[in-house]
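Chemist: Quick note on the working numbering: the sequence shown kicks off at 1388 and runs consecutively.
Heads up, the beta-carbon is just placed ideally off N, CA and C, and yes, glycines get one too.
Below you will find the structure I want to go over with you.
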Amino acid sequence: VAKAGGQVVEAVFFIELGFLDGRAKMGDAPVRSLVRY
């Protein structure tokens, strides 16, 4: 989205796999997830 000129406001996921370290890869955008493993 950012590469296309947009702005990432928030990221919402149903399942978050903690071992993939996705929160760090999302940068400054707030991240929400319903289930975290």
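(1) I need the boundaries of the beta strand (DSSP E) containing residue 1416, first residue and last residue.
(2) Name the two residues that bound the continuous beta strand (DSSP E) containing residue 1411.
(3) What does DSSP give as the partner residues of residue 1399 in its beta bridges?
(4) Please report the distance separating the alpha-carbon of residue 1400 from that of residue 1420.
(5) Check whether the Cβ of residue 1413 lies closer than 6 Å to any heavy atom of the ligand COA, and answer yes or no.
Modeler: Taking the definition as stated:
(1) Premise fails: residue 1416 is in no beta strand (DSSP E) and is neither H nor E.
(2) Here residue 1411 belongs to no beta strand (DSSP E); instead the alpha helix (DSSP H) covers 1409–1412.
(3) 1419
(4) 5 Å
(5) The ligand COA is absent from the structure shown, which contains no ligand whatsoever.
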